[in-house]
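Worksheet: one structure, shown below.
Chains as they are written, first to last, in the working numbering: chain A, 2 to 257; chain B, 6 to 264.
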């Protein structure tokens, strides 16, 4: 029996004026796996993930979640999908006006009847899971380092035990040691709550560390996808150039 | 010549597109904003920010406006011995026009800019996207509390500005121009009608709506980092100020054209 994907993207297209960013993306995300989409800057990775999340409206195509095209099904189906997905943003996306613990507990505080005391206790528990000390709970996001912000964002992403977690460039801008720590936390957190992970990155070290499967996007199309173990023997010139970071090859070094 | 006409056409089409987007934004705000969940804490925060923290600047503006009005009226009216009209001129000018317009412009500069900058920064740092992924509608959470707070708090601010403005005129008239205090107060009330105050408060409510909608709209649609946020802030203040002046004329025409 063929395994049914949790989310299926079919022929997804998105243009901004004359800039055709997504030219017909086809991609499947299976339950329980960790899929990493690699690709250079400006190749449409973030646009793809934002289309799936409903933050950007695609021009055409299908996003099928549990057999239903959420683009046709409307706002309620989209809301149902959103309740099962959480996201870790590239810049963390923490709310400046709230303290660290209020950021972590934002969803339970605003979408359930939990008391502030219980929400804070839950936030501190999730903060501990990502290696954050209780002492930072009352600080503002502006008072913590870049690596800590990423941890806070990760704690916020896992607080309601989502089924699917999207990671947008989770290690960009972090030093190699903190990057490895964040990668380890991502693996641990996703495994602990049994979630499905979709990560976009151009960091090959990070991609190898956290993925079961890798897909490469170039010029608005998926040009290769396969198990992480086969990335070095893909036989795909785009993947080879990207993985080895070579200036020569089919990928144009000067992109938009 | 054709280029000139094409440029005008482009500006006109851009104006129509912006008007359409703004109308949709207001429509969506009103459509989703009145449905639960409600964010009371956000609403109270905005009431305090727009109302309480704007009091000093609005109060000072009203005080000096009332003082200048009394002084200018005196120098003008004394030429034809009409000094006794000064209390009436001060109170009618402040309650009908200067109170709401000046308070509106000051709040547009203070809070319209702050709203555009805060929401614009949230937009370019992905905080608004984060709200959506946390199953929280940003229109409900960010926009609606500001719009309702602006709508409700501006009339209160203007009422206080009216009282302070009239008091400013009273101070100058009694301490500098030699008016009898009791006589000044009785003249102030003598020709003042409920309609004069109410029209000012209605104007204030409309101005509060304009300020918060323009601040939120420009912030919500800002793009391109710090420069985009800066442009959004400028656009919010300029558009709100112009709309305040336009709607002030329209509302004055509606309230007083028949009288």
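Note that CB positions come from ideal geometry on N, CA and C, so glycine has one too.
These numbers come from a predicted model, not from an experiment.
| query | result |
| --- | --- |
| Buried/exposed call for residue 257(A), threshold 16 Cβ in 10 Å | Low local confidence applies: a pLDDT of 46 at residue 257(A) is under 50, so the model's placement there is unreliable, and no value is given. |
| Status (buried if at least 16 other CB within 10 Å, exposed otherwise) for residue 144(A) | exposed |
| Bridge-paired residues (DSSP) for residue 198(A) | 35(A) and 166(A) |
| Residue 115(A) in three-state terms, based on DSSP | coil |
| 8 Å Cβ cutoff, residue 21(A) in contact with chain B | no |
| Neighbour list for residue 132(B) in chain A, Cβ cutoff strictly below 8 Å | 94, 95, 96 and 97 |
| Under 7 Å from the C-beta of residue 139(B): neighbouring residues of chain A | 107 and 108 |
| Beta-carbon proximity of residue 145(B) to residue 38(B), cut-off 8 Å | yes |
| Residues that residue 218(A) bridges to, as DSSP identifies them | 223(A) |
| Bounding residues of the beta strand (DSSP E) (the contiguous stretch that carries residue 8(A)) | 8 to 17 |
| Contact with chain B by residue 257(A), beta-carbon distance below 8 Å | With a pLDDT of 46 at residue 257(A), under the threshold of 50, the modelled position of this residue cannot be trusted; read the value that follows with caution. Chain B contact via Cβ: absent. |
| Alpha-carbon spacing of residue 91(A) relative to residue 97(A), whole angstroms | 16 Å |
| Backbone secondary structure at residue 29(A) - three-state DSSP | strand |
| Completely contained alpha helix (DSSP H) runs for the region 174 to 216 of chain B, where each covers 4 or more residues | 186 to 195 |
| Positions along the region 159 to 187 of chain A whose CB lies within less than 7 Å of some CB in chain B | none |
| Three-state secondary structure assigned by DSSP to residue 63(A) | strand |
| Close-in-space but distant-in-sequence residues of the same chain around residue 237(B) (CB under 6 Å, 5 per side omitted) | 121, 125, 223, 224 and 227 |
| Host alpha helix (DSSP H) of residue 88(A) (start-end) | No alpha helix (DSSP H) contains residue 88(A), which is instead part of the beta strand (DSSP E) from 86 to 89. |
| Selected residue, minimal CA-CA separation from residue 54(B), among 243(B), 217(B), 10(B) and 25(B) | 217(B) |
| Cβ neighbours of residue 191(B) in the same chain (closer than 8 Å, five flanking residues each side left out) | none |
| Contact the region 140 to 154 of chain B vs the region 244 to 264 of chain B: 3+ CB pairs below 8 Å | no |
| Cβ of residue 119(B) within 8 Å of any chain A Cβ | no |
| Where the region 18 to 31 of chain B meets chain A: residues whose CB sits under 7 Å from a CB there | none |
| Any chain B beta carbon closer than 8 Å to residue 134(A) | no |
| CA-to-CA distance, residue 96(B) to residue 196(B), given in whole angstroms | 9 Å |
| Any non-hydrogen atom of the ligand PLP within 7 Å of residue 185(B) CB | Ligands displayed in this structure: none; no statement on the ligand PLP is therefore possible. |
| For residue 228(B), three-class secondary structure by DSSP | coil |
| Residue 175(A) and residue 195(A) closer than 8 Å at C-beta | no |
| Residue-chain proximity (residue 90(A), chain B), Cβ-Cβ < 8 Å | yes |
| Cross-strand partners of residue 20(A) (DSSP beta bridge) | 17(A) |
| Sufficient close CB pairs (3 or more, under 8 Å) joining the region 101 to 115 of chain A to the region 153 to 161 of chain A | yes |
| Neighbour-count burial assignment, residue 75(A), 16 or more Cβ in a 10 Å radius | exposed |
| Rounded Cβ spacing between residue 75(B) and residue 204(B) (contact assumed at less than 8 Å) | About 22 Å; that fails the 8 Å criterion. |
| Neighbouring residues, chain B, relative to residue 86(A) (Cβ below 9 Å) | 138 |
| For residue 92(B), three-class secondary structure by DSSP | helix |
| Rounded separation between residue 235(B) and residue 18(B) - CA only | 24 Å |
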